[in-house]
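**Student:** Chains as they are written, first to last, in my numbering: chain A, 1 to 274; chain B, 1001 to 1599.
Glycine residues also receive a C-beta, built at the ideal position from the N, C-alpha and C atoms.
Bear in mind the structure is a predicted one, so any value in this text is a computation, not a measurement.
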């Protein structure tokens, strides 16, 4: 049993931030790693990236968007209530070093995970240009926190209600054309956003790191549901990733595999509303 | 009145169960030390009363006599030791001379027959009436468990065989010849004393039987269900040479189920040694190790990566083959014995093997993580949605209980026409699970060798056939085809023929050119085996492993290249059976105990 210590609802209650007591995981987890969460006895196992940790207090921070039944159940947990199972840390930690100038691109809930990586990159002495975006103003999260660890912060919304109007890729194109010295891009967010970022980074060619979010079951490389094609080879995102070189990822396949259970997910949500 | 020639002088090769014709009490007894059987009756000669012990074949007058009686004299009376009713009959005489004879009952095929023995010391005449002769000659057929009807069972996930009934178990136990040198025990990877436990069932001592099994095997209810007995103990059974072997597995299952129904006895705790052993993985090998270590007095902590205990027993083997309730009860038994279980602990991630020693102060580590890496064929279209590894499919359906979706949240893979690739137990499990899922109309199974080479248990293959699974044998998939939307539409297969034997001794399948054909399907499950999972080794690079990535160990002790670390089960052998994994644990347990006592 893993008790919830703190709980914050942000972005019109669609994004939820949990601090969960899990000392054994907190002492080991590194940026880029994730945990598998099972909310109830009858629940499914879902992967959630660890957004932060506190080793002294033995807690980890989880940030997630409420999209399905499991995330809805998690949102309804109060402080002091328990999450049934939390397994981790899983996946490989992100490979980070002093690259020079790094552009960090985050969309939606991806900003939360990006923050953890950006912080590490910032502390390593990189020059950070951050681009964050969301559909509308209320969904922009962690703007202040990102500002503290970025040398330049650019914000955009799809509807223009805050910051620049447009997609994060428009800002990314801008930055790349203005700055010749960008050595690395890190893009975390929804799959279409990451795919668009990869397209942008093709010409001129800049290395880009993406964090994939395929369907997962056990998270230990046992089932293979998270398999994706990277550089022509089948990789398991749960053990070989979740971070991969964006130029090598087959996004078409990832997109198809992500839709595998759309009908069931809808049924599950409907039956829980009934 | 019958004439004397109606008697049949018989030579009956097997031991007889004898009863008093009056009170129907059994007369067979056992020597306490030797364990061999004898028949005991009361005897009276020249006024002295005593006891007469006969061989259970009833062909010799006396084995032991407590009173003096010269050769060639006839006893005045032979009587029941319990009710003292005389066995002597006046209506008949011995065929070899005009001697008195005694009548007792013997059981044959669940009925009692009169059997006559001569009361004269030294006379070897014995027999039964001619019309009864047939009954003794009837061999008890191998008792079959009642099964759910194939048309019914494909609608539910309940267990298919319903187990033996009490009287069936008794009959089956009587088929056992109780050999002097039991070969069956050699066939068992954990050397269960099969002769003794069946002997207990013959005496109606079911609890004695289960205790006997539990001396060597801590998971009998599971082994009785999932062991491939036909290639182990039952393959060695002497009866198998002339007829069907004794159903050892079914009897094991019977006594284990009997015990669970009657309440499990928890033995008292052994004195503790204060040594700590970490077991990685709570599958059959890990559970066996845990119980063995406890018996030796060491403390055990079992680490499990998933949220539920049991490893392959809960995520792999489906409900209709091994009800999860049984696994849960076996684990509860270990918990009561004092094993500490920690779920949600992925060793290699949360702790490395080194940290188990250094931070958590374990004295020994046993690795039993199993072979948890699905193999794929590497053919085009394998990553299409609708193609599942057997591990994923079974984990969803069994562990996550997706067959009860949406009561359980995990989405269930759906297909109208399902193809399963492979010929092992896992392939059968996948095919039969798919058949039971709502919306499935047809399930086909594609295997590249012939039916005889299928590694699955015979019972599972037969069950699958009865349930209507379409077998495509000597067939190999070439590619998985997709429709415009990217969903699976069919698999293209090629026909195979058997060529020369390969390394495994099985004839190697070779493709027949130009024999490609398509099997229409919208879901594919790939069950062609598993490899070693790398997660554990990410923190333990220095572990010596063989070319397939499995851990290299000393075959007799299970020691790895690291000091204080043992390994066993599928992580050493590659995908094998539950019982082999348990056997490996037992061997390693003996060595770990020796190591811990020395250190």
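1) Express the C-alpha separation of residue 1142 of chain B and residue 1175 of chain B in angstroms, rounding to a whole number.
2) Can you tell me whether residue 1482 of chain B is helix, strand or coil according to DSSP?
3) Can you tell which of A/14, A/205, A/70 and A/209 has the C-alpha that lies nearest to the C-alpha of residue 177 of chain A?
4) Confirm, please, whether the CB-CB distance from residue 1286 of chain B to residue 1302 of chain B is below 8 Å.
5) Let me confirm a value: residue 260 of chain A is counted as buried when at least 16 other C-beta atoms fall within 10 Å, else exposed. Which label applies?
6) Between residue 25 of chain A and chain B, is there a C-beta pair that is closer than 8 Å?
7) Do residue 149 of chain A and residue 119 of chain A have their beta-carbon atoms positioned less than 8 Å apart in this structure?
8) Kindly identify the DSSP beta-bridge partner or partners of residue 16 of chain A.
9) Ordered along the chain, which non-local residues of its own chain (more than five positions away) have a Cβ less than 8 Å from that of residue 1183 of chain B?
10) From residue 1444 of chain B to residue 249 of chain A, what distance separates their C-alpha atoms?
11) Using C-beta distances below 7 Å, list every residue in its chain close to residue 1188 of chain B, excluding the 5 sequence neighbours before and after it, in chain order.
12) Drop a sphere of 10 angstroms on the beta-carbon of residue 978 of chain B, count the other beta-carbons inside from all chains shown, and report buried for 16 or more, exposed for fewer.
13) To the nearest angstrom, how far is the alpha carbon of residue 1197 of chain B from that of residue 1210 of chain B?
14) Just to check my reading of the structure: residue 1308 of chain B and residue 1342 of chain B have Cβ atoms closer than 8 Å, yes? What is that Cβ distance to the nearest angstrom?
15) Checking the sheet assignment: what are the DSSP bridge partners for residue 134 of chain A?
16) Which same chain residues end up closer than 6 Å to residue 1010 of chain B when comparing Cβ atoms and leaving out the 5 residues on each side of it in sequence?
17) Got a sec: is the Cβ-Cβ distance from residue 69 of chain A to anything in chain B below 8 Å?
18) Let me confirm a value: residue 1542 of chain B is counted as buried when at least 16 other C-beta atoms fall within 10 Å, else exposed. Which label applies?
19) Give the residues from the segment 211-245 of chain A that approach chain B closer than 7 Å (Cβ to any Cβ), ordered along the chain.
20) As an exercise, report each continuous alpha helix (DSSP H) stretch of at least 4 residues that is fully enclosed by the segment 1086-1143 of chain B, in chain order.
21) For residue 125 of chain A, I'd like the list of residues in its chain whose CB is within less than 8 Å of its CB, leaving aside the five on either flank, ordered along the chain.
22) Kindly indicate the opening and closing residues of the beta strand (DSSP E) around residue 1220 of chain B.
23) Which partner residues of residue 1511 of chain B appear in the DSSP bridge assignment?
24) Using C-beta distances below 6 Å, list every residue in its chain close to residue 1372 of chain B, excluding the 5 sequence neighbours before and after it, in chain order.
25) Is it true that the segment 18-28 of chain A meets the segment 148-167 of chain A, where meeting means three or more beta-carbon pairs spaced less than 8 Å apart?
26) Might you give, ordered along the chain, the residues of its own chain that have their beta carbon closer than 6 Å to the beta carbon of residue 1544 of chain B, omitting 5 neighbours on each side?
27) In terms of residue numbering, what span does the alpha helix (DSSP H) encompassing residue 1254 of chain B cover?
28) Where does residue 254 of chain A sit, in a helix, a strand or coil, going by DSSP?
29) Where does residue 1462 of chain B land, buried or exposed, given buried means 16+ other C-beta within 10 angstroms?
30) Buried or exposed, going by whether 16 or more other CB atoms sit within 10 Å of the CB of residue 1048 of chain B?
31) What residue from B/1578, B/1596 and B/1384 has the CA that sits closest to residue 1217 of chain B's CA?
32) Run down chain A in chain order and give the residues with a C-beta less than 7 Å from the C-beta of residue 1486 of chain B.
33) Roughly how many angstroms lie between the CA atoms of residue 1172 of chain B and residue 1108 of chain B, to the nearest whole one?
34) Of all the options B/1448, B/1390 and B/1425, which has the alpha carbon lying nearest to the alpha carbon of residue 1458 of chain B?
35) Pick helix, strand or coil for residue 1008 of chain B, following the three-state DSSP scheme.
36) Between B/1474, B/1392, B/1559 and B/1098, which has its C-alpha nearest residue 220 of chain A's C-alpha?
**Tutor:** Concretely, from the data shown:
1) 8 Å
2) strand
3) Checked all of A/14, A/205, A/70 and A/209; the closest Cα to residue 177 of chain A is A/205.
4) yes
5) buried
6) yes
7) yes
8) A/9 and A/64
9) 1236, 1237 and 1238
10) Going from the Cα of residue 1444 of chain B to the Cα of residue 249 of chain A covers about 33 Å.
11) Excluding sequence neighbours, residue 1188 of chain B sits near 1194, 1232 and 1233.
12) In the structure as shown, chain B starts at 1001 and stops at 1599, and residue 978 of chain B therefore has no counterpart that could be examined.
13) Each residue's alpha carbon lies about 7 Å from the other.
14) Residue 1308 of chain B to residue 1342 of chain B, Cβ: 12 Å. No contact.
15) A/157
16) The pLDDT assigned to residue 1010 of chain B is 47, lower than 50, so where the model puts this residue is not dependable, and the model offers no usable value.
17) yes
18) exposed
19) 217, 218, 220, 221, 222, 223, 224, 225, 227, 229, 234 and 239
20) Given a length threshold of 4 residues, each whole run of the alpha helix (DSSP H) inside the segment 1086-1143 of chain B is given here in chain order: 1130-1137.
21) 98
22) In the DSSP annotation of this structure, residue 1220 of chain B is not part of any beta strand (DSSP E); the continuous alpha helix (DSSP H) holding it starts and ends at 1220-1226.
23) Answer is B/1496.
24) 1533
25) At 8 Å Cβ cutoff, the stretches do not touch.
26) 1552 and 1561
27) 1248-1262
28) DSSP, reduced to helix, strand and coil, places residue 254 of chain A within a helical segment of the structure shown.
29) exposed
30) exposed
31) B/1578
32) 256, listed in chain order.
33) 12 Å
34) B/1425
35) Below a pLDDT of 50, predicted positions are generally treated as unreliable, and residue 1008 of chain B, at 45, falls in that range; the measurement from the model is reported next regardless. Here residue 1008 of chain B carries a strand assignment [DSSP, helix/strand/coil].
36) B/1392
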